[in-house]
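*Asks:* This is the structure, below, for whatever I ask next.
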Amino acid sequence: MLLQQFVNGLSLGAVYAVFAIGFSLVFGVMNVLNLSQGAVFMWGAYVGLEVVRNLALPLPLAILAAGIAAGLLGVLSELLVFRPLQRRGANRWMGMVGSLALARILIGLAQEIFGTQVVRYPDNALAGAAIDLFGARLQLLQVVAIGVAFTMVVALAALLRFSNLGRAIRTVAFSESVARLVGIPVDRVRLATFFVSGALAGGAGVLWSLLFQSVSPFMGDSILLKGLTVMILGGLGNIVGALVGGLLLGLVEVASIVAVGSGYRDAIGFGLVLLILVTRPTGLFATRETKRA
Amino acid sequence: MIDLFEAYHNVIDLCLLNSVLAYGCFLLLGVNLFSLATGGLMAIGAYLSIWLTMQQGWAFAPALLAAAVAASLAALGLGSLVLRLRGDYFTMATLAFTEVVRIIALNWNSVTGGALGIFGIPKLAETWQLALLLVLVIYLVWAVRSSGIGERMRAVAADELAVSTAGYDVAHFKLAIFTVSGAIAGLGGGLAAHLNMFVAPGDFGFLRSFDTVIAPVLGGAWNIAGPVIGATLLTVLPEALRFSAQMREILVGSALLVAVLFLPTGVASLPTVLRRKWSI
Amino acid sequence: MSSFLQVNQVSRLFGGVAALLDVSFAVSTGSVTGLIGPNGSGKTTLMNIISGVDVPSAGAVLLDGAPIQLLPSHTLARRGVARTFQHIRLIPDLSAVQNVTLAMHAPAAGPLDILLRLPRLRRVETERRSRAVALLEQVGAGHHADRPVGDLSYGDRRRVEIARALASEPRLLLLDEPAAGMSHGERVALRALIASLPGLGITVLLVEHDMDLVMGVCDELHVLNQGTAIASGKPDAVRANPKVIEAYLGVEDA
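Protein chains in written order, with numbering that gives the first Met the number 0: chain A, 0 to 292; chain B, 0 to 279; chain C, 0 to 253.
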């Protein structure tokens, strides 16, 4: 039983983690909250669905297509919202308003194109298949989801650590002006960052749809909140933190369903956030003044 | 004219109510605080006022007062815990607060009616009350902003250290503003509850908080007319575009996006922008 | 002369690094005391501790005999400790007068006066303004009274910041490199201004790199080097002190 719940929590957490990592990446590099990330997640799920349903292509290709489409939507949010606002010297909050507006457009488009009913991915080789391990029934789907999430994270880590793009991204995250000084094409790096973050959201969207057998235009709303929760748990802009935080949230949520019932599931993450923030306010400066004020 | 008013009565009421709420967030934006606590604080005000009018037979005015007091106490408590957090963390903490309150409301069936909500709330909120309240709130905000306190707020937003070494307890100052904003949210909650005869926890979640804080940002975060302009746009746009449910979302989103891109300092800056464009 | 400010074995550690180690000295009432030393010697850290912006890791600071090292800066400001900053901290969008009145605690309008716009509000605002203008004239920035300080020159902004510090009617004024960026003429005026302050009942602690200014206006000097106090005394004696010379060796000041 425990193993079952553990895997449940881990697979849920894996999806949270992948989504939150993308979210965190943009925040860490550009210090903005891209609130269209939830809508991008949803669009990834739909693109994957269309690929599987109408093009009858296998699931891995669907995930790839979803990732690419979602990545492009991520790029769209940079080109349409964040870059123009930065050029016009708008304050940070306008970025939130703008990306929310974009989210609404994306959700409206999805409703228009795909309809508002909840649909699901057609049955495939993974659905229903399960492994019996130590008395627990682990869905193959869950194992695959965890595996895919793991692969995405490792790929991202490798990208950031070893590739030139990764180095460029890390430099821009450290300081945009320093990056320009050393000749890094900051605009292109930003685009790449948004692409990667969108792709992660889209991939997470497909995984979610498979795990929970549902796709709807509104599935992005709650994941956005989860993403914010995970970012706080792991530290804003901290990618490893987003990974750990995501897995942790998944495990804690599943555990809380067992303990107090599903009604309060969504409150657990927020309760954790409040607890953490109140007991360990994450400040970067040691002076009293900043801590007090 | 009267017909026009009757037809759009509800929209006008909502514009007035949302404008009042927007001024609460406007005060906080003035000291660089992006708060998402409005939903949770409204919920506290709403459910208390409903309980007082429906279960305890209170008159509307005392119930509203109680709602404002309760929400400001909650704001006082919350603020003491989270105002010390750095900008984004503060925002997240207020979001967490709102969602926790909403989820508690969702599950506390005996008091809030759970997900189904509470029906049959007496419609005690009148348009003239809302209008009067809005005028009062605008006046009070204007009076504060054009005084030394307003200068202190601008100073805090620019450089907290300069203000504290000048002799002001910045934490205390922000807490006072947060408490006042809580009172406004509680008042708004009580009014909202008695406006449409029905209320449910979903009315007080992060969407409500976002819409409320985005109103002054959209309208112009430093302009006294900003909250009214933003709240009116955000209330009227979806209503005006209600002829198509799907297209409505796309059109509202597009209109907001256009407003954000062409008026990045807020819609209230439109006259200035136009003047600049046409005089050259 | 009694000591108005007493720094007792103050240390400040950041991780393993000691920005200040066992620093002790006294500032006499009504004096102009200089705190000098090469860059990185801990002068600003000490200023931050004295003004309540930072807390020492060890040691105490006594103001008029009472320990103040744990008090926050807003409390200290009310107790008569005012300061300026190395990197000027004015509010750019506010005018010079508005910046100065920011630090004025009296006269003050009450909440009722503000909300009801009672006549008292007008009187209070007029008085505050005239006092601010007088302070700005005292420091030589009176002609910029209503301009946003973001538009003013560096030297003017320094002077406005000093006016703001004086607005809170301090008994102890901490000046952190006030002459930086000033022309020769401005430095002469600054020297005269600082020299006039003890006559107004203000004790001055001055951190400066301009040796001419320091030698000309200070009654006493304390020298820091790499976090420790290495010399104290009258300016001429300190100037000749071999330890001080060694500390500054190779360091050309502007």
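Heads up, the beta-carbon is just placed ideally off N, CA and C, and yes, glycines get one too.
According to DSSP, A:V118 sits in a beta bridge with which residue or residues?
*Replies:* The count along the first sequence starts at 1 and reaches residue 118 of chain A at position 119. DSSP lists A:V214 as partners of A:V118.
*Asks:* Taking C-alpha atoms, which residue in B:G29, B:A95 and B:Y7 lies nearest to B:F203?
*Replies:* In the second sequence, residue 203 of chain B corresponds to position 204, counting from 1. Nearest C-alpha to B:F203: B:A95.
*Asks:* Our contact map puts B:S71 next to B:G189 with C-beta atoms below 8 Å; I'd like the distance itself, whole angstroms only.
*Replies:* For the purposes of this step, residue 71 of chain B is taken as residue 72 along the second sequence, with counting starting at 1. For the purposes of this step, residue 189 of chain B is taken as residue 190 along the second sequence, with counting starting at 1. Not really, about 12 Å apart at Cβ, beyond 8 Å.
*Asks:* Alpha carbon to alpha carbon, how far is B:I249 from C:H104?
*Replies:* Taking the first residue of the second sequence as position 1, residue 249 of chain B is located at position 250. Taking the first residue of the third sequence as position 1, residue 104 of chain C is located at position 105. Distance between the alpha carbons of B:I249 and C:H104 is about 53 Å.
*Asks:* For a test of the three-state rule: what should DSSP assign to B:S146, helix, strand or coil?
*Replies:* Numbered from its first residue, the second sequence carries residue 146 of chain B at position 147. DSSP places B:S146 in coil when its eight states are reduced to three.
*Asks:* Answer yes or no: does any C-beta atom of chain B fall closer than 8 Å to that of A:D122?
*Replies:* On the first sequence, position 123 is the one that residue 122 of chain A refers to. So no, A:D122 is outside the interface.
*Asks:* What residue range does the alpha helix (DSSP H) around B:G187 cover?
*Replies:* If you number the second sequence from 1, residue 187 of chain B lands on position 188. Its alpha helix (DSSP H) spans residues V169 to A192.
*Asks:* Opposite A:D131 in the DSSP bridges: which residues?
*Replies:* Taking the first residue of the first sequence as 1, we reach residue 131 of chain A at position 132. According to DSSP, which records beta bridges pairwise, A:D131 is partnered with A:R136.
*Asks:* So, with DSSP's three-state summary, where would you put B:V140?
*Replies:* Translated into positions along the second sequence, residue 140 of chain B becomes position 141. In the structure shown, B:V140 sits in a helix (DSSP, three-state: H, G or I).
*Asks:* With C-beta atoms as the reference, is A:S208 less than 8 Å away from A:L78?
*Replies:* Sequence index remark: in the first sequence, residue 208 of chain A carries index 209 (1-based). Sequence index remark: in the first sequence, residue 78 of chain A carries index 79 (1-based). The answer is no: Cβ separation not under 8 Å.
*Asks:* Please state if the CB of C:S27 and the CB of C:S2 are separated by a distance shorter than 8 Å.
*Replies:* Counted from its first residue, the third sequence places residue 2 of chain C at position 3. Counted from its first residue, the third sequence places residue 27 of chain C at position 28. Their beta carbons are under 8 Å apart, which means C:S2 touches C:S27 by this criterion.
*Asks:* Quick check on DSSP: helix, strand or coil for C:N7?
*Replies:* Within the third sequence, the letter at position 8 stands for residue 7 of chain C. Residue state, collapsed to three classes: strand.
*Asks:* Run down chain E in chain order and give the residues with a C-beta less than 7 Å from the C-beta of B:G39.
*Replies:* The structure shown contains no chain E; the protein chains it does contain are A, B and C.
*Asks:* Between the alpha carbons of A:A172 and B:V216, how many angstroms are there, rounded?
*Replies:* Counting from 1 along the first sequence, the entry for residue 172 of chain A is found at position 173. Counting from 1 along the second sequence, the entry for residue 216 of chain B is found at position 217. C-alpha separation (whole angstroms): 26 Å.
*Asks:* Taking only beta-carbon atoms, is C:P91 less than 8 Å away from chain B?
*Replies:* Reading the third sequence from its first residue, position 92 is the one you call residue 91 of chain C. At least one chain B Cβ lies under 8 Å of C:P91.
*Asks:* Which first and last residues belong to the beta strand (DSSP E) in which C:L64 is found?
*Replies:* Locating residue 64 of chain C in the third sequence gives position 65, where the first residue counts as 1. The question names Leu, but residue 64 of chain C is Gly in the sequence shown. Here C:G64 belongs to no beta strand (DSSP E), and DSSP marks it neither H nor E.
*Asks:* For the segment 88–120 of chain B, enumerate the residues whose C-beta is nearer than 8 Å to any C-beta of chain A, in chain order.
*Replies:* From the segment 88–120 of chain B, only Y88, M91, A92, L94, A95, F96, E98, V99, I102, I103, L105 and N106 have a Cβ closer than 8 Å to chain A.
*Asks:* Answer with buried or exposed for B:K276, where buried requires no fewer than 16 other C-beta atoms within 10 angstroms of its C-beta.
*Replies:* Counting from one through the second sequence, the residue named residue 276 of chain B turns up at place 277. By the neighbour-count rule (16 or more Cβ atoms within 10 Å), B:K276 is not buried but exposed.
*Asks:* So that I know if they touch, is there some Cβ in chain B lying closer than 8 Å to that of A:W92?
*Replies:* Working through the first sequence from its first residue, we reach residue 92 of chain A at position 93. It does: the Cβ of A:W92 has a partner Cβ on chain B nearer than 8 Å.
*Asks:* For A:G94, which residues of its own chain have a beta-carbon under 6 Å away from its beta-carbon, when the five flanking residues on both sides are left out?
*Replies:* Here residue 94 of chain A refers to the residue found at position 95 of the first sequence. The residues are V31, F81 and L84.
*Asks:* Which chain A residues sit within Cβ distance under 7 Å of B:L269?
*Replies:* Here residue 269 of chain B is taken as the residue at index 270 of the second sequence, counted from 1. Under the 7 Å cutoff, chain A gives no residues; its nearest Cβ is about 15 Å from B:L269.
*Asks:* What's the call for A:G204, buried or exposed, on a 16-neighbour Cβ count within 10 Å?
*Replies:* By 1-based counting over the first sequence, the position of residue 204 of chain A is 205. A:G204 comes out buried.
*Asks:* Could you check whether the Cβ of B:Y7 sits closer than 8 Å to any Cβ belonging to chain C?
*Replies:* Counting from 1 along the second sequence, the entry for residue 7 of chain B is found at position 8. Judged by the 8 Å Cβ criterion, B:Y7 is not in contact with chain C.
*Asks:* Based on the DSSP secondary-structure assignment, which residues constitute the bridge partners of C:S2?
*Replies:* Mapped onto the third sequence, residue 2 of chain C falls at position 3. Note: C:S2 sits in a beta bridge opposite C:S27.
*Asks:* Determine whether the Cβ of B:F33 lies closer than 8 Å to any Cβ atom of chain A.
*Replies:* The residue you call residue 33 of chain B lines up with position 34 of the second sequence. By this cut-off, B:F33 is an interface position.
*Asks:* Could you tell me which uninterrupted alpha helix (DSSP H) segments, each at least 4 residues in length, are contained entirely in the segment 38–115 of chain A, listed from first to last along the chain?
*Replies:* You should have 58–76, 82–86 and 91–113.
*Asks:* Taking B:L174 as the reference, give the member of B:A199, B:G38, B:S79 and B:V272 with the closest Cα.
*Replies:* If you number the second sequence from 1, residue 174 of chain B lands on position 175. Minimum Cα distance to B:L174 is reached at B:S79.
*Asks:* Taking only beta carbons into account, state which residues of the segment 98–116 of chain C come closer than 9 Å to chain B, listed in chain order.
*Replies:* Listed by position along the chain: N98, T100, L101, A102, M103, H104, A107, A108, P110, D112, I113, L114, L115 and R116.
*Asks:* Closest by CA to C:A107, which one among B:T164, B:G201 and B:S146?
*Replies:* If you number the third sequence from 1, residue 107 of chain C lands on position 108. Looking at the Cα atoms, B:S146 is the closest of the given residues.
*Asks:* When you compare each of B:M246, B:A199, B:R207 and B:V198 to B:G38 by their alpha carbons, which one comes out closest?
*Replies:* One-based indexing of the second sequence puts residue 38 of chain B at position 39. Nearest of B:M246, B:A199, B:R207 and B:V198 to B:G38, Cα basis: B:R207.
*Asks:* Which ranges would you report for the alpha helix (DSSP H) in the segment 218–265 of chain B if only whole runs of at least 4 residues count?
*Replies:* With a minimum length of 4 residues, the continuous alpha helix (DSSP H) runs that stay inside the segment 218–265 of chain B are 225–239 and 244–261.
*Asks:* In the structure shown, what three-state DSSP assignment does C:A194 receive?
*Replies:* One-based indexing of the third sequence puts residue 194 of chain C at position 195. Here C:A194 sits in helix by DSSP.
*Asks:* Using the C-alpha atoms, what's the distance from C:V243 back to C:R11?
*Replies:* In the third sequence, residue 11 of chain C corresponds to position 12, counting from 1. In the third sequence, residue 243 of chain C corresponds to position 244, counting from 1. For C:R11 and C:V243, the distance between alpha carbons rounds to 22 Å.
*Asks:* Rounded to whole angstroms, what's the CA-CA distance from A:L276 to A:S255? Just pull it up for me.
*Replies:* Here residue 276 of chain A corresponds to residue number 277 of the first sequence, with the count starting at 1. Here residue 255 of chain A corresponds to residue number 256 of the first sequence, with the count starting at 1. Rounded to the nearest angstrom, the two C-alpha atoms are 20 Å apart.
*Asks:* Mind pulling the chain A residues with CB within less than 8 Å of B:A220?
*Replies:* Counted from its first residue, the second sequence places residue 220 of chain B at position 221. The answer, in chain order, is N90 and W92.
*Asks:* What are the complete alpha helix (DSSP H) segments, minimum 4 residues, inside the segment 101–137 of chain B?
*Replies:* Within the segment 101–137 of chain B, the complete alpha helix (DSSP H) runs of at least 4 residues are 108–111.
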